[in-house]
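Engineer: Please read through the structure below; I'll follow up with questions.
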Amino acid sequence: MQIDGKKEKLKKLGIKYVVIDLGVVEILEDITPEQHDQLKILLLESGLELLDDKKSILIERIKNVVTEMIHHSDELPKVNFSDYISEKLGYDYTYLSNIFSEVKGITLQHYIIMHRIEKVKELLLYDDLNLTQISYRLQYSSVAHLSNQFKKVTGLSPSFYKLLKQKRGHNLEHL
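Quick note, in this note's numbering, the sequence shown goes up one by one and the last residue is 186.
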């Protein structure tokens, strides 16, 4: 469903909203339980989910900032990730980290590491960057640090991972 369609459906339900941006709708006033149920059904039909408790909303915002920071930016922020996330969301990092751990069952730091390793995998396979360049781009303190973290998460060294993926791709071409 396109944004215009969502706006029309919200109007039909009699729900006044402030902003529709990247899947976020802020409702201006309290809605009736019936409107709430109808909105939930409407969103589910569109493949979306209604997040109506503050913790879930904050967790989604944290995940979005991490994803944007690591996967959709050509250059990572020059400040610590914790400072960046805290600044972007307007909350103390310890508070964000505690809520994230409580709800997701893993630390925010581990979540960031997992995303950084996914980005390393992507860069190893699809870019012509060497480990030194990847290490610099993703702000690892050294190639050794990147390699150790990569091995801890994947069980493989970065170079073995790249070799394994290349061999798999080569084998698939001959089928």
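Note that CB positions come from ideal geometry on N, CA and C, so glycine has one too.
In this text, all values refer to a predicted model and were calculated from it rather than measured experimentally.
(1) For R179, is the classification buried or exposed, using 16 other Cβ atoms within 10 angstroms of its Cβ as the cut-off for buried?
(2) Report the rounded CA-to-CA distance for H156 versus K115, giving the unit in angstroms.
(3) Comparing C-alpha positions only, which one of E56, D85, S57 and Y95 sits nearest to I73?
(4) Flag this pair as yes or no: are the beta carbons of K176 and L136 separated by less than 8 Å?
(5) From K22 to I68, what does the alpha carbon distance come to, in whole angstroms?
(6) Can you give me the C-alpha to C-alpha distance between Y149 and L54, rounded to a whole angstrom?
(7) Determine the burial state of P7: buried for a count of at least 16 other Cβ atoms within 10 Å of its Cβ, exposed for fewer.
(8) Grab the span of the alpha helix (DSSP H) containing L107 for me, first residue to last.
(9) Can you list the alpha helix (DSSP H) stretches of 4 or more residues lying completely in the segment 49 to 93, in chain order?
(10) From G166 to L140, what does the alpha carbon distance come to, in whole angstroms?
(11) Near K66, what residues of its chain come up, given a Cβ to Cβ distance below 7 Å and the 5 sequence neighbours on each side ignored?
(12) Which of helix, strand or coil does DSSP assign to K22?
(13) Pull up the distance between the alpha-carbon of K132 and that of P169, whole angstroms please.
(14) Only counting the same chain, and skipping five residues up and downstream in sequence, which positions put a Cβ closer than 7 Å to that of T235?
(15) Which whole-angstrom value is the C-beta distance of Q160 and I124, which I expect to be below 8 Å?
Structural biologist: Reading it off the structure:
(1) exposed
(2) 26 Å
(3) Y95
(4) Yes; because the gap between Cβ atoms is below 8 Å, this pair is in contact.
(5) Cα to Cα, K22 sits roughly 23 Å from I68.
(6) The identity of residue 149 in the sequence shown is Leu, whereas the question assumes Tyr. Cα-Cα distance, rounded: 36 Å.
(7) Residue 7 lies beyond the range of the chain shown here (12 to 186); nothing can be said about it.
(8) From DSSP, the alpha helix (DSSP H) with L107 extends over Y104 to K115.
(9) 65 to 82
(10) 21 Å
(11) I110 and V114
(12) helix
(13) 8 Å
(14) The structure shown has nothing for residue 235, since the chain only spans 12 to 186.
(15) 6 Å
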